[in-house]
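Contents: one structure, followed by commentary.
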Amino acid sequence: MESAKTKLQGREWRKDQYLISTDSSLVPIAKLIDIFNSEGFYWSKALPAPAMQEMLDNSLCFGLYEQAEPIGPSNATPELKFLGIARLVTDYITFAYLTDVWVEPSCQGNGLGSWMVRCIDEVLETMPHLRRCLLFTGDWQRSVPFYDKLLRAKLVETRKGEGLAIMERKGRGHPTFNKEGTGYN
Ligand SMILES: CC(C)(COP(=O)(O)OP(=O)(O)OC[C@H]1O[C@@H](n2cnc3c(N)ncnc32)[C@H](O)[C@@H]1OP(=O)(O)O)[C@@H](O)C(=O)NCCC(=O)NCCS
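Per full-length UniProt numbering, residue 1 is the first one in the sequence shown, and the count goes up by one each step.
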């Protein structure tokens, strides 16, 4: 029987000239390294290429591409321009952590990021044993309503002794590793 992982890593969606694919082998690593090192990607810095590749292969990646019309022979493979990414760190059954949601700055505000998150929502809906999908964001103003609307993700309000306690242990890759506080500054 096909595993949930194999099935989910072969999904794709198309809209106009755009493609979203969960095939991590399509993601151009050198370009992704530049993106991780860019100003807009404030929650992480790039890792060495082999670590980057392994990170992608061990996640469910949603790569966003623009598919150019093939030039030359009609059987030529159309070129894919990498425009965005989102990643679910997941066991493919019970848990998923959404991170690294990014759309090329010159393409933002055109509905592509919303489409990507709707595709993620569609995948989460197909996971019958999923216990929860978690995400962290430092952007209360834009990202919290964005994920509420598109992913139906709710704020977990943590008052001592009530509800769920969410606990975090920062790792060496966290921008504020070894500093007090839970945010990015
Ligand atoms: C967040 C992001 C992926 C959205 O992609 P997009 O293609 O611009 O999204 P859309 O055009 O579909 O929709 C824009 C919506 O995203 C919201 N949004 C959420 N987070 C945002 C952010 N960090 N920057 C800009 N817009 C953001 C906007 O408020 C807007 O909401 P509206 O439709 O209610 O007006 C994109 O803006 C981005 O890459 N931002 C920089 C990286 C980032 O902050 N990632 C999220 C970390 S949690």
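Backbone N, C-alpha and C define an ideal beta-carbon position, used for all residues, glycine too.
Lys5 and Tyr97 closer than 9 Å at C-beta: no
Residues that DSSP places opposite Val144 in a beta bridge: Looking at the DSSP assignment, Val144 forms no beta bridge with any residue, so it has no partner.
Within 9 Å, strictly: CB atoms of Gly171 and Phe177: yes
Sheet register partners of Cys63 (DSSP bridge): One detail in the question is off: residue 63 reads as Gly in this sequence, not Cys. Ser21 and Ile85, per the DSSP bridge assignment.
Ala96: first and last residue of the uninterrupted beta strand (DSSP E) it sits in: Phe95 to Val103
Contacts around Arg87, its chain only, beta-carbon distance under 6 Å, and the 5 residues preceding and following it disregarded: Ser59, Cys61, Thr99 and Asp100
DSSP beta-bridge partners of Arg172: Arg172 is not bridged to any residue.
Beta-carbon gap between Thr158 and Leu130 smaller than 9 Å: no
Whole-angstrom distance between Ser106 and Gly161, CA atom to CA atom: 45 Å
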